[in-house]
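K.L.:
These protein sequence lines are chains A and B, in that order.
Each residue of the first sequence is one higher than the one before, counting from 171 in my numbering.
Each residue of the second sequence is one higher than the one before, counting from 171 in my numbering.
There are 2 protein chains.
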Amino acid sequence: MRNYTQTLDHFNFGTNSYDTFLQRYAISFKYWGGANTSSPIFVSLGGKGEIFINEFSTSFVITKAPHFKSLLVIIEHRYYGESNPFGSKEEAYKNSSTLQYLSSEQALADCAQLITDLKKNLSAENSPVIAVGGSYGGMLAAWLRLKYPHITIGALASSAPILYFDDITPHNGYCNVISRDFRESSESCYRTIKNSWHQIRKTATQHEGLTALSQMFNTCRPLTSAKELVDELEYIYFVNAQFNDPLTNPVNKLCEAIDKDPHEIDPLRRIASGVKATNGFSKCLKVFSVEEENESDRLSGWSWQSCTEMVMPIECMGNEQMFEAYPFNFTDYTSWCKALFNVVPRPHWITTEYGGRNIKEVLKDFGSNIIFSNGLRDPYSSGG
Amino acid sequence: MRNYTQTLDHFNFGTNSYDTFLQRYAISFKYWGGANTSSPIFVSLGGKGEIFINEFSTSFVITKAPHFKSLLVIIEHRYYGESNPFGSKEEAYKNSSTLQYLSSEQALADCAQLITDLKKNLSAENSPVIAVGGSYGGMLAAWLRLKYPHITIGALASSAPILYFDDITPHNGYCNVISRDFRESSESCYRTIKNSWHQIRKTATQHEGLTALSQMFNTCRPLTSAKELVDELEYIYFVNAQFNDPLTNPVNKLCEAIDKDPHEIDPLRRIASGVKATNGFSKCLKVFSVEEENESDRLSGWSWQSCTEMVMPIECMGNEQMFEAYPFNFTDYTSWCKALFNVVPRPHWITTEYGGRNIKEVLKDFGSNIIFSNGLRDPYSSGG
Chain A
171 MRNYTQTLDH FNFGTNSYDT FLQRYAISFK YWGGANTSSP IFVSLGGKGE IFINEFSTSF
231 VITKAPHFKS LLVIIEHRYY GESNPFGSKE EAYKNSSTLQ YLSSEQALAD CAQLITDLKK
291 NLSAENSPVI AVGGSYGGML AAWLRLKYPH ITIGALASSA PILYFDDITP HNGYCNVISR
351 DFRESSESCY RTIKNSWHQI RKTATQHEGL TALSQMFNTC RPLTSAKELV DELEYIYFVN
411 AQFNDPLTNP VNKLCEAIDK DPHEIDPLRR IASGVKATNG FSKCLKVFSV EEENESDRLS
471 GWSWQSCTEM VMPIECMGNE QMFEAYPFNF TDYTSWCKAL FNVVPRPHWI TTEYGGRNIK
531 EVLKDFGSNI IFSNGLRDPY SSGG
Chain B
171 MRNYTQTLDH FNFGTNSYDT FLQRYAISFK YWGGANTSSP IFVSLGGKGE IFINEFSTSF
231 VITKAPHFKS LLVIIEHRYY GESNPFGSKE EAYKNSSTLQ YLSSEQALAD CAQLITDLKK
291 NLSAENSPVI AVGGSYGGML AAWLRLKYPH ITIGALASSA PILYFDDITP HNGYCNVISR
351 DFRESSESCY RTIKNSWHQI RKTATQHEGL TALSQMFNTC RPLTSAKELV DELEYIYFVN
411 AQFNDPLTNP VNKLCEAIDK DPHEIDPLRR IASGVKATNG FSKCLKVFSV EEENESDRLS
471 GWSWQSCTEM VMPIECMGNE QMFEAYPFNF TDYTSWCKAL FNVVPRPHWI TTEYGGRNIK
531 EVLKDFGSNI IFSNGLRDPY SSGG
C-alpha cells in the first residue's frame, strides 16, 4: 500500500482549500508491459469500504491482466478505509464541517489527479486507462469515463445502479428484485417471509411476547421492540440477496432451512431456522436499538453520502414483494438526515450532475467504451 | 432580467452549503417555436463581466434565432455583474473565504442546474440545448458540452483559449499574435513600438524626464515611475488587439497615427499620437500606481480565478514580439497571488479537470458538436 498526497478540496479555493490528506492506493507491476508499450492501466475504484491488497488476486478484471499485460492500480475512496482526512475516522466524521469534502465529485477528482500524476511519474502518459468498479465503485467508474474522458478510455461498471435516483427507476425495484430472488428459490419460503411480519408484530404485543421472540431467535440481548427484530431480519434478507455468491448461494440455504421441517406449523420458528442457517459464525442474533442504529449511521460514510447527494429512493410497497410495507417518504428521510448530520439532502442533484433519463442517447454520443454488467439477481440491478 | 435561486456550493455539503444566492439571467421567447416542437434553446454563457439585455439583438448566434425558432437565454456568471453571493460585491470580494465559491466548476454546475430547472418549468425537457459563448464564456460553453453532455447537445465556443494552460501552448503565443497583428498593420508601427520601451526607460532616468513623459502622453496625473507608463501602453495594445472590431479596426487606427507625421523623429511622440488617436473619450491618459493596480486586481473576479485555477502562462519573450521582455515566472506569480488573496495557484488543475493535451482524441470520441471559432488576429487564438 502506498500513500498519495491528495488535495482535500478540488473545487473551492478558499482558506482551507490548500489542505491535503494521505490517500491510500495499491499498485502492482507484476504483469505490466511497460510505459513504452500500448499496455493498459486497469484502475480499480474503491467504493464505500477499505481496499485490500488481495483484490489483486481476486478481482475478475485482474484475471485478464496477464493477457493485456496491464498495470494494476487500486484507489481507496476518500473517508473510507485509511484514507481519512483530518487524521482519524473520529475527527473526519465529527460533523458536517469535517464531512463536507466527502462527495462523489471530490472522489472522481481524486482519481483524475492521482492517475494523472502517476502516469507522469511512470512516463506512461500515453498508456490507456480503464476504470473498473462494482456497486458504488462501479458508478464512479462509469462517471469517471463520462466526466474525465481525457483520463480514461473505457470503464467496466459492475452492478452500478446509476439510474436509482430521482424518479428514473420505479422505487420498488430494489425490494421487488430481492423478493423475486427468494420467490425463484422457493415459493413457500417467499410466502413464509411475507406473512411473518404481521405475526412478529402480533406476538410482540402479547404478554411476554418479546421474551418469547428473543428466545426463539436467540437474540444477543432481550428485544425491547418488534422493530428491532424486523430491522435485523430485513437486513439479513437484503445482505444475502445482494451478495448472493453463486457458489454458496445463501438465499437458497436460507430458504431450504425455512422450508425444511414439514411438521413445523409456526412460521416464525421456520424463519428462525432459516436465520440460524445463514447467521454464519455469530452465536446469537445481534439486535440494535434506535440509538445504536443512529450512532452506527452517524459513523457511516454512506449515510452521509445518502443524506447529501446519493438519495436513492428505495421503498418496499405493493404485492410483488415480501417485506413489511415501507414507503419512501422524503420528509421523513430529510428529518433523519437533519437529526444525524444537520444536512438537507439534494434529491435531484445526481441526475443534474451525471444525467440519467437520457443516458442512452448520451452514451451513444459520448460514453462509448462503458460496459455495464448486472447480475439480474442483484437487487440494485433494477437501477443498473 | 430575472433572478434564479442558485445553490452556492454544488460540490461540498457542509455547514454553509445550503446557502443560495440570486443569479441573474435573461430570457426571450420572441422567436421560440415552443416546448412541443424540436426548436432548440440557445444558452449564452456569460464570462467575466455583466450581462446585458441588448445581447439579444447583437450576438451572432442570436441572428440565427428566427431561422431555428429558438428560445434565447443568457446566464450571468456568479460573482460578476449583479450575480453576487453575499449581497454586494464588497462582501463577495472580501477575502478568500467569501471568494472560494468563484470557480469554473461551480459556474458550470450553475448552468446545469438553471437549465434543468428552466426546461422543467417550461415542460421543455426534450428541447435540445446549444451552449454559446466567447472568450472565457466560450471555454465554459465547450466545457459544459464536455462535462454535461446530458444537458447540452452542442456548443459554439468563440475565441476560447482552452489550450492556454500548463505547457500545452507556447507561452509566447498571446504576445506573438498581438505583435503580428501590429506588424501586419504596419511594419514601421511595429518597429516604433518595439523600440519605444528602451527610450521610455532612458528618458525616465533623466532630469525632469518623468515630467516630460507626463506632458508628452498627457497623463491624468504626473507619472511617478516609468513602469506606470509602460503598463498603460501595453494595456492599450492588448485591448486594441483583443477587441479588434473589423469595422473600426483600432489597431490600424493606432498604427496610422503612429506612422502619420513623416517629419517626426522622436519615436515617443509618435507613440503619444497613436495613443491619443485611440484613447476614445478620455481627455487624459489614466495611469495607476502599484497600490492602485493591486486594489483593482483585488476587486477583479478574473484575478481571483487567475490566482486559483485559471493559470494562463502568458509571457512576452523573444524576437517575434514587440513588448518589453516579460517572462512567466511561477514563483513571482505565486507571490502576487499570495499578496492579493492569500492563495496559492494550482497550475495543473485545469488540464486535469478538463483535459488539454489529448483534446483531439477526446473530441473525436466525446466532444462532438463543438465548434471552436477563432479570429486569427485574436491574441488568445494561439491557445484556441
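Using N, Cα and C, we set each Cβ at its ideal position, and we do this for glycine too.
This one's a predicted model, so the numbers in the text were calculated from it and none came from an experiment.
1. I need the straight-line Cα distance from V409/A to E485/B, nearest angstrom please.
2. Would a C-beta distance cut-off of 8 Å place E398/A and S459/A closer than the cut-off?
3. With 16 as the cutoff for other CB atoms within 10 Å, does L208/B come out buried or exposed?
4. Using a cut-off of 8 Å between C-beta atoms, extract the partners of D179/B located in chain A.
5. Could you check whether M487/B and N342/B sit closer than 8 Å to each other, using their CB atoms as the reference points?
6. Here's the rule: buried if 16 or more other CB atoms are within 10 angstroms of the residue's CB, otherwise exposed. What is Y344/B?
7. Would DSSP call T233/B helix, strand or coil?
8. Note down, in chain order, every chain A residue with its Cβ under 7 Å from the Cβ of V514/B.
9. When you compare the segment 220 to 227 of chain A with the segment 428 to 436 of chain A, are there three or more beta-carbon pairs, one atom per stretch, that lie closer than 8 Å?
10. Helix, strand or coil, according to DSSP, for R527/A in the structure here?
11. Taking buried to mean at least 16 other C-beta atoms within 10 Å of its own C-beta, is S395/B buried or exposed?
12. Starting from A325/A, trace the beta strand (DSSP E) in both directions and tell me its first and last residue.
13. Looking at the structure shown, is C359/A part of a helix, part of a strand, or coil, going by DSSP?
14. Indicate the three-state DSSP secondary structure (helix, strand or coil) for A277/B in the structure shown.
15. Measure the beta-carbon distance from L438/A to A301/A and round it to whole angstroms, keeping in mind my assumption that it falls under 8 Å.
16. Hey, does Q412/B have any beta-carbon neighbour from chain A nearer than 8 Å?
17. At what residues does the beta strand (DSSP E) containing A301/A begin and finish?
18. Under the assumption that T268/A contacts A262/A (Cβ atoms under 8 Å), give the Cβ distance between them as a whole number of angstroms.
19. Answer with yes or no whether the minimum CB distance from T339/B to chain A is below 8 Å.
20. Grouping DSSP H, G and I as helix and E and B as strand, with all else coil, what is N342/B?
21. Report back the beta-carbon spacing between Y195/B and E220/B to the nearest angstrom; my notes put them in contact at under 8 Å.
22. At a Cβ threshold of 8 Å, is Q376/A touching chain B?
23. Three or more C-beta pairs under 8 Å: does that hold for the segment 505 to 512 of chain B against the segment 311 to 319 of chain B?
24. For E523/B and F181/A, I'd like the C-alpha separation in whole angstroms.
25. So which residues on chain A does A396/B lean against when the C-beta distance must stay under 7 Å?
26. Kindly say whether T286/A, judged by its beta-carbon, lies nearer than 8 Å to any beta-carbon of chain B.
27. Could you name the residues of the segment 310 to 334 of chain B whose beta carbon sits closer than 7 Å to any beta carbon of chain A, in the order they occur along the chain?
28. Can you grab the Cα-Cα spacing for the pair N254/A / T418/B, in whole Å?
29. At a Cβ cut of 8 Å, what residues of the segment 212 to 237 of chain B count as close to chain A, listed as they run along the chain?
30. Against chain B, which members of the segment 268 to 282 of chain A pass a CB distance test of less than 9 Å?
31. Which residues share a DSSP beta bridge with N173/B?
32. Beta-carbon of S198/B versus every beta-carbon of chain A: anything under 8 Å?
33. Chain A partners of T522/B, CB-CB under 7 Å?
34. For the beta strand (DSSP E) containing L241/B, list its first residue and its last residue.
35. How far does the alpha helix (DSSP H) with S266/B in it reach, from first residue to last?
36. For the ligand FAD, is there any heavy atom lying closer than 7 Å to the beta carbon of N265/A?
P.N.:
Straight from the coordinates:
1. So the alpha carbons of these two residues sit roughly 60 Å apart.
2. Yes, Cβ-Cβ distance for E398/A and S459/A is below 8 Å.
3. Here residue 208/B turns out to be Ser, not Leu, going by the sequence shown. S208/B is exposed by the Cβ-count criterion.
4. N182
5. yes
6. buried
7. helix
8. Y188
9. Because the criterion of three Cβ pairs below 8 Å is not met, the segment 220 to 227 of chain A and the segment 428 to 436 of chain A do not touch.
10. coil
11. By the neighbour-count criterion, in which 16 or more other beta carbons inside 10 Å mark a residue as buried, S395/B falls on the exposed side.
12. 324 to 328
13. helix
14. helix
15. Not a contact, Cβ separation roughly 46 Å.
16. Interface criterion not met: the Cβ of Q412/B is under 8 Å from no Cβ in chain A.
17. Run containing A301/A: 299 to 304, per the beta strand (DSSP E) assignment.
18. 6 Å
19. Not an interface residue.
20. coil
21. Actually they do not touch by this definition, with Cβ atoms about 12 Å apart.
22. no
23. By the Cβ rule, the segment 505 to 512 of chain B does not count as touching the segment 311 to 319 of chain B, because fewer than three pairs are nearer than 8 Å.
24. 10 Å
25. Residues of chain A passing the Cβ test: none, with the nearest at roughly 35 Å.
26. yes
27. K317, P319, H320
28. About 59 Å.
29. none
30. Sequence-ordered contacts of the segment 268 to 282 of chain A with chain B read T268, L269, Q270, Y271, L272, S273, E275, Q276, A279, A282 [C-beta pairs closer than 9 Å].
31. R194/B
32. no
33. A282, Q283, T286
34. Here the beta strand (DSSP E) through L241/B covers 241 to 245.
35. Per DSSP, S266/B is one residue of the alpha helix (DSSP H) stretching across 266 to 269.
36. As for the ligand FAD, it is missing from this structure, which has no ligand bound.
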